[in-house]
Amino acid sequence: MTAPTPPQPPVGVSWRSLMDVAFEEACKAAKNGEAPIGAALFSAKGELIAKAYNQPIALNDPTAHAEVLCLRNAASSLGNYRLNNTIMAVTLEPCLMCTGALIHARVSGVLFAARDDRAGALVSNLNGCALPFTNHNLWTIEGVMADECSGILKRFFLERRK
Numbered sequence: 270m271t272a273p274t275p276p277q278p279p280v281g282v283s284w285r286s287l288m289d290v291a292f293e294e295a296c297k298a299a300k301n302g303e304a305p306i307g308a309a310l311f312s313a314k315g316e317l318i319a320k321a322y323n324q325p326i327a328l329n330d331p332t333a334h335a336e337v338l339c340l341r342n343a344a345s346s347l348g349n350y351r352l353n354n355t356i357m358a359v360t361l362e363p364c365l366m367c368t369g370a371l372i373h374a375r376v377s378g379v380l381f382a383a384r385d386d387r388a389g390a391l392v393s394n395l396n397g398c399a400l401p402f403t404n405h406n407l408w409t410i411e412g413v414m415a416d417e418c419s420g421i422l423k424r425f426f427l428e429r430r431k
């Protein structure tokens with residue numbers, strides 16, 4: 270299967286404005302001593318449904334990645350585990366676990382800022398949005414606010430190594 274072609278941003282919204290929300294969440298994660306990764310889920314019209322930031326340390330939960338927590342918040346808010354016609358904005362390319370969660374939730378597309386050469390599973394190490402054995406494919410757009418999002422990650426880990 271091939272991944273769907275990304276659409277234009279919702280009317281009256283820019284991809285950057287969606288990523289700004291995820292970036293604010295990443296800043297919260299950094300303030301709380303977590304890897305600064307944030308995610309936000311929007312309707313196809315650009316309306317915010319849910320947002321979250323990385324919390325595996327605080328929650329003692331290896332699955333508490335920003336994307337997973339955001340999907341959980343959205344599903345709870347909407348009363349449905351299927352999140353059709355939605356757009357996920359995330360500051361770092363999703364890992365394999367998060368890519369699987371996005372596929373299972375039926376998210377329409379993912380907008381991500383920075384590539385993750387170590388664990389990214391949408392473009393860096395795997396074309397996770399076009400796996401032949403899945404029953405849902407999603408589109409991706411990369412690079413929106415890449416410098417800002419990779420910068421906060423680099424600064425965070427430089428501080429941690431001191």
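Take 270 as the starting number for the sequence shown in the numbering used here and just add one per residue. The beta carbon of each residue, even a glycine, is placed where N, CA and C say it ideally should be.
Discussion item. Strictly under 9 Å for the Cβ-Cβ distance: is K320 near chain D by that measure?
Written reply: The question asks about chain D, but that chain is absent: this structure has only one protein chain.
Fill in: beta strand (DSSP E) segment containing V379, residue limits
Judged by DSSP secondary structure, V379 falls within the beta strand (DSSP E) whose first and last residues are G378 to A383.
Worksheet entry | CB of E336 within 9 Å of CB of A308, strictly | Taking C-beta atoms as the reference points, E336 and A308 count as a pair closer than 9 Å.
Worksheet item: How would you call S346, buried or exposed, if buried means at least 16 neighbouring beta carbons within 10 angstroms?
Response: Classification of S346: exposed, given that the 10 Å Cβ count is below 16.
Worksheet item: If you draw a straight line from the alpha carbon of A344 to that of R351, how long is it in whole angstroms?
Response: Rounded to whole angstroms, A344 and R351 show a C-alpha spacing of 7 Å.
Worksheet item: Is V392 helix, strand or coil when you go by DSSP?
Response: In the three-state scheme derived from DSSP, where H, G and I count as helix and E and B as strand, V392 is classed as coil.
Worksheet item: Going straight from the alpha carbon of E293 to that of H334, what length do you get?
Response: Approximately 15 Å between the Cα atoms of the pair.
Worksheet item: Who are the near neighbours of A390 in its chain, counting only those whose CB is closer than 7 Å to its CB and skipping five residues on each side?
Response: Within the same chain, Cβ atoms closer than 7 Å to the Cβ of A390 are found at P363, C364, L365, T368 and G397, the five residues on either side in sequence being excluded.
Worksheet item: What is the DSSP secondary structure of T332, reduced to helix, strand or coil?
Response: It is coil, neither helix nor strand.
Item to complete: Provide the residue span of the beta strand (DSSP E) that contains S312, from first to last.
Response: It spans G307 to S312 - the beta strand (DSSP E) in which S312 sits, taken as one unbroken run.
Item to complete: Go to K320, then tell me how far its beta strand (DSSP E) extends in each direction, as first and last residue.
Response: Element bounds for K320: L317 to Y322.
Fill in: Touching by the beta-carbon criterion (3+ pairs, under 8 Å), the stretch 294-304 and the stretch 373-380
Cβ pair count under 8 Å is below three, so no.
Worksheet entry | Spatial distance of V280 from R430 (CA atoms) | Taking the Cα positions, V280 is about 43 Å away from R430.
Item to complete: Tell me, to the nearest whole angstrom, how far the beta carbon of F425 is from that of A358; I am working on the premise that it is less than 8 Å.
Response: That belief does not hold up - the Cβ atoms of F425 and A358 are roughly 19 Å apart, past 8 Å.
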